[in-house]
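A short write-up of the structure that comes next.
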């Protein structure tokens, strides 16, 4: 699956989920993003599913599934045949008649999973600029090892999602999120003489690196791994950064102590899952920029999905309130 | 008290508190920063005091005080005559023999209260640059009205402290704190297309403007005013910004709504005293930059007062832990 | 809409919602209390609505809405034609065939919105008695200005709801709630020599005055206003009381400080949205009587809607439990 | 110890603690309110004590104590001989030369423990009026049994303190506190048709009856009993009320359920020690009036001990802030 | 209802609920575990029910109920005639045609309610062993009185459920839970020389004895009683243990104090409903073993209801997370 | 420092701190457990110290310290010459005249630091029994590697303290604490068929292994290390267990996942520093036994330091209350 060169829409002629109309036939590859097996009145199995492509998600029901169909798991790509309909009371649903696991050459990943709104080239370029701004040679070399796409964690870091659902739950999402945090943190760090800029950049880029193992990223629908749930992404991220540091026997011990501290403390408080609170200026900055940019991103997302003209988004979990987006520019001239 | 032109050390020849040695005579003006009246075994009144100058603070005891001495209040400047001594068990203390209220021409404020480490000229220049970066004409005009030193709140804003004790509890402290928050917030805002930069700058500069009335700033030792304690700085700051907005009948209503929201929500949550949580991107940024820069400043202060060579500061209230400052530059070459 | 003289049931011959039977025709004015626009299987818009009159609320569905129907907003009064039915699984619903905005002369507000169970005349009389019991002339004059129905906030105060939903979410609800709080607080205040009775009465009446701007009260279905959500009713109420005080240049400063404090602190703690906690006896009393009477009212409401004979109400949010109402009087003779 | 007839100051000619001057001799009975046994440099025991009379409390030190002196316990009355002095740094202290347990005829309780500011006669009369206002015969009879001074809990209820320290920590304190709560609760109850007035009065009077066993009240210095610490006053109070109810086989079961509920729930929430939250209107009222009147009393106390002219009291634990008492009447004429 | 001798499946030939297939006739006794009365479109009453037997629970709907059917209450046993069906969207349901209260000889309790997985004989034997291990004669005699099946609380204790729903919500559940807690606590107690083993065993067995009155246990579906909701099981349990102690005038007071403390404190903290925290080693052990074994039991239950092969259970309320049960033994050989 | 063979009291003839009398000479080795450098009235440095041996701790003051004395750090062993005295007001203190760092052959560690009340031989034997009870060969081999005294972490684990202060803050304390937790957990695990006994034993022994790096254990006074403060003992312990597992390429992956989970989750909740909550039965047991045995140990310690005859200990931090220890055995016969 050569991700970088996947060109959306070239592999099949499916109608994107977001454009389906009631009564249309559904044919082609979809990611199975949820699956519940149930039994009907005659004791026969049937499946309630969710199907996803890059444009959205839709419920589906499949009676008389084959053994192949029964064996699929969440995150698999499946070839579906059926019909889409909308019931006024119960909503949109695909009646599936045929369903089987897809072969790798039957779909293009870029058609099935949402991607970062910032293109891979721009992400790579902006990341390069940031890494280039780091002067301390050991820290810079560490970043280069960490981001090396020919090994781990770099290979996964380039494509992993940043969450299981909602914000940044898409391919490249982790890279995008880490970049935004690191850029904001770099902007703040550069204004304070007492702050180690290089450490802030390294901490900003690597703070969530544990997610490369805490989430599945090879499938289509990110899930938490067993280790992610039982050990936690913070412990896993710290392990990975420690190993990256240990590859360089000359890495300055004081910097190692501080960089590992940024990873462990970046959730900001124990209630949020960090075993220790931020105790250095650099850890304070990475924690706050992580939280702050996540909230800005959540408002951006909520605004994008709010009906045009609404002054308020729906309730945002992170903010514990709807966000006010007010009278937006294109309509401001006419209406106010 | 022409503050801008006060040249430290020119008005009197006092030994700064931080340089006093046991047995030395104490003569000259000090700020009375604490006063407890008590009665001795014979029913006569005596005073336990704290005296402060720009270099530090010292305990004092005054037996047989005159009526004039008994009548001074915290924040007054007093002319003291006495002797300094250090008792190994009970610490440093001035034995006061004479004490009276000072006349305004007997002292220079800059000798008695700590000032911002950033000079007034630099503060003014950096503030000017920030205001200059605001493009929306109504917002910019509002800032100019707010900062106008010939009226309120600008006149007090230029000299007020940002806290009653600890960080920024000194002359110009509010201006310094507001500037640092606004600069950091501007740095973040400029990276997000969806954020209104002008509002962020205005909110950053004005978020704590209520402190001009919530703290006393004309005396030497900042205290909370009755209104500050009974109504709260947030309510007071909102009132002031609303009045500043109302002076401009053409101020855009949507911007007014948003700017007032930044003031009311800037403590980030109700438990911290904001009646509403930040519900706009701009309010999120000002809140986080306020919290983040306060923590960086607290670590800077704690490091400054830690003994040379210590890797850890004393416990910092805001962080609920000591901060790690590690092996610092001047010693790093030799010891590591 | 001359509220005082609206006589229920005189304007139209509608069957009240609470008396509708399955199969009956629905004709006449209703308040639209909820509206969701959706798209059916053929891409055509339809509306899910809630309709309300003074007797209750009912779900409705409207296929093929006109542009006029699509344009209505929550709180509008609409003229509806359709049929009522009850489905055993999915409940009661009006099938709407026609729907348009009503003209002001087509309905009487008193038919469409619930009103206080205490009549306007009794509310006015009891309020008069309370105000009359205030002796301090400036406080009394302030109350008279505040309650003057020919200006704000008095005009809105007389008709505003006290909540968006549930208890006191009806016309006159704010007046009724404020009266009950003030009466209970006056009863407590009169037993304590150290308490300023006049301030307690004034604080009790005005504590929620901010709701006159924080909620819409001219429409039929109260909503929070943008300012209510972004600035909070406490900040708004304090502003209004400050302005009322400022109209009287001789208002005693100490009383002004205390009265404004009651408004700001009446939620009792910061977690509940008061930036400062009650720090005077008078603020303590108003806060506790607000909370206590709200809980009693919530139990009254829950008991009223519980099936006859039930010893327990359904769960009450404010109390975090059902309430025990026990064996009630009319049945006690027979059954126990 | 016939409490009712104790006339302060008639039994001995001691100088009250609050009037002692440095150098005066101390002779006579005092209550020992604290006792720490220590060992001096030569291995000999000495005692650090606190001595209390109705006017206040003072520290004391006693070298070379007799075995009798060593054996006294907190709450004992002791005959002290010694000298009072005030050290400017370490405060007031009695140097005790002789100390022994007092005989019962050597002191009058009313000289040694603070009493309620409301006299016993007034307390009794107001309690009588309240009980008299109860119409339900079983509830009224229960109150008469409970308050019967010839048996328990009535005998102890009449003299017990309401707390170990601070507010109402004096003889009659429980009766005074219970009366104030019941009166305030009765005032609120009488305004609500849906509230059972008789239950509120009974609950108000009896809510803290468990303190008759949870605190010691026969000695001079109230302490928590072992049972009070291990079982809690709420459980003990519920037990006592249940037994009082069980004495009347015709007590209505529904009223019994509700009255016991008031006792168990009167702390208002589980975090404050009530295993269940108030789930009836009557329990809501008793809980709120308990909390509200305690706060008013705490402000009264803090104001009484604040220096004349101070606008703020010292910090009040219950309120988590100082209280504002403002410009008080006697000085208002002159100064404002 | 002679519980001990009830032999499942002998009284009627019903198909157990867990084995019903769509279309099968339903005939025989069921426990009514939920009942909601509603009104259809023609104003006629109908019932939504839940029916339960020892094997499971199923929804039911009953149109045209007789007066007898309308009068049943939750916990009654009813004789049902109808048809079972499964709708793919809305699930399994019994269409009830006939429904009436059952006579006592028409059903066997053991067919209708779940029972402890540990048989009554084993429960009794293990309880006997535990009681037998208690050496202190008064404590042992107390346990024998408490568990005496010919009186209360023993008679109810033998059959009561330990919860209204979920874990141990079945006949004998309280006995099973109490036994498991006491055995675990005994295991811990026996390792610590400073712990009173006998008290721990007694506290472990009796900690939840209040549930014999706080829950109904004679019916089929456990409910909280009014007293259980208004006074709480802790207060009720303490009352019962105190009365059991009082039957023995020679019961050692110190042990009485400690045993009652275990009951009152066993929820571990006030937020969980214990008015006092555990303040003895014995109370600490009983509290922790209660919490710990409840969590183990909750994971056991969740694993039992998870699909075979799942590595994770569904979310467990007590643990605030799903539990990991991993690769289980029967499949471990093949797959790992 | 051959710890196993250190025989207390053989190396020097010092009077143990707990037996010092006022006026006695102090000569010999002590551990410096606290050190504050200060400056006297003449600008000369002096030292406030705490000195500790196995029997207790005492304050000390040292004027005119040599450069050698100034350079000692907390945890060093020092040779002290001086005089002990007790001041009735300010307590016991050593006036130090000479102080220098000790040579390793000048003291025996066992004289200077408290040790476990259980002897090393018994600790080793009981640990051996526990390890021997583990049947799964990989888990057992892991424990043997972990406890191997010829390498890490075993070498440090055998001597490390379990805390910086209070309970188990002594040599062998970690081993003792881990053993007690593992024994209690084994006792519970053996009663539940669904629990993996071997994992519980391994988790109980290793749960705190991170403390071998998080605390200093080679010196005399345990301190947290920089890494302990910045990364946390949980993260460090997880790292160590992961490395021990990785030494065995055949270690079953499912057991590895579960064992690492026990380490990470053993604080029980995120607020207490565990990034994930216990999600397996084994982790639940280790967490609860850790907490439970810590509380029992804290009560044991508090009872040991309470004056004979006291029924209550002083307040115990962990329990947030004093503990009731009641009438203890030796006195029970006489007094009750």
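Residue numbers (the numbering used here), protein chains in the order written: chain V, 1 to 336; chain U, 1001 to 1336; chain D, 2001 to 2336; chain G, 3001 to 3336; chain C, 4001 to 4336; chain Y, 5001 to 5336.
All residues carry an ideal CB built from backbone N, CA and C; glycine is no exception.
Everything numeric in this text was worked out from a predicted model, so none of it was measured.
In chain V, no part has a C-beta under 7 angstroms from the C-beta of residue 2103(D); the shortest such distance is about 25 angstroms. In terms of Cα proximity to residue 1326(U), the closest of 5236(Y), 5225(Y) and 5209(Y) is 5225(Y).
For residue 5230(Y), the chain U residues whose C-beta falls within less than 7 angstroms of its own C-beta are 1324, listed in chain order. For the set 185(V), 291(V) and 304(V), the Cα lying nearest the Cα of residue 318(V) is the one of 291(V). Residue burial is scored here from C-beta neighbours: residue 4035(C) has at least 16 other C-beta atoms within 10 angstroms and is therefore classed as buried. Sorting 4140(C), 4238(C) and 4270(C) by C-alpha distance to the C-alpha of residue 4248(C) places 4140(C) at the top.
Here the alpha carbons of residue 2053(D) and residue 2014(D) stand approximately 10 angstroms from one another. Nearest to residue 3138(G) by alpha-carbon distance, out of 3259(G), 3028(G) and 3097(G), is 3259(G). Out of 1059(U), 1062(U) and 1022(U), the CA that lies nearest to the CA of residue 5044(Y) is found in 1022(U).
Sorting 1189(U), 1027(U), 1302(U) and 1300(U) by C-alpha distance to the C-alpha of residue 1096(U) places 1027(U) at the top. Residue pairing by DSSP places residue 3032(G) opposite 3051(G) in a beta bridge. Judged by pairs of C-beta atoms under 8 angstroms, the stretch 3123-3134 of chain G does not touch the stretch 3055-3071 of chain G, as fewer than three such pairs exist.
Around the beta-carbon of residue 1203(U), 16 or more other beta-carbon atoms lie within 10 Å, marking it buried.
Around the beta carbon of residue 3033(G), a 10 Å sphere encloses 16 or more other beta carbons of the protein chains shown; the residue is thus reported as buried. Counting along the chain, the unbroken alpha helix (DSSP H) around residue 3228(G) starts and ends at 3226-3231. Taking every protein chain shown into account, the CB of residue 1025(U) has fewer than 16 other CB atoms within 10 angstroms, so this residue is exposed. Under the 8 angstroms Cβ criterion, the stretch 2234-2253 of chain D does not count as touching the stretch 1297-1311 of chain U, having fewer than three qualifying pairs. In the DSSP annotation of this structure, the continuous segment of the beta strand (DSSP E) that includes residue 5056(Y) starts and ends at 5056-5063. Of all residues in the stretch 4284-4311 of chain C, those with a C-beta nearer than 7 angstroms to a C-beta of chain V are 4311, reading in chain order. Residue state for residue 3083(G) is assigned as strand, using DSSP reduced to three classes. Within chain V, no C-beta atom comes nearer than 9 angstroms to that of residue 5161(Y); the closest sits roughly 20 angstroms away. The residue among 69(V), 86(V) and 85(V) with its C-alpha nearest the C-alpha of residue 79(V) is 69(V). In this structure, the beta-carbon distance from residue 1064(U) to residue 1101(U) does not fall below 8 angstroms. The beta carbon of residue 3016(G) lies closer than 8 angstroms to those of 3053, 3054, 3055 and 3056 in the same chain, with the five residues before and after it left out. According to the DSSP secondary-structure assignment, residue 3322(G) is paired through a beta bridge with 3315(G).
Its Cα nearest to that of residue 3142(G), the residue 3201(G) stands out among 3201(G), 3229(G) and 3020(G).
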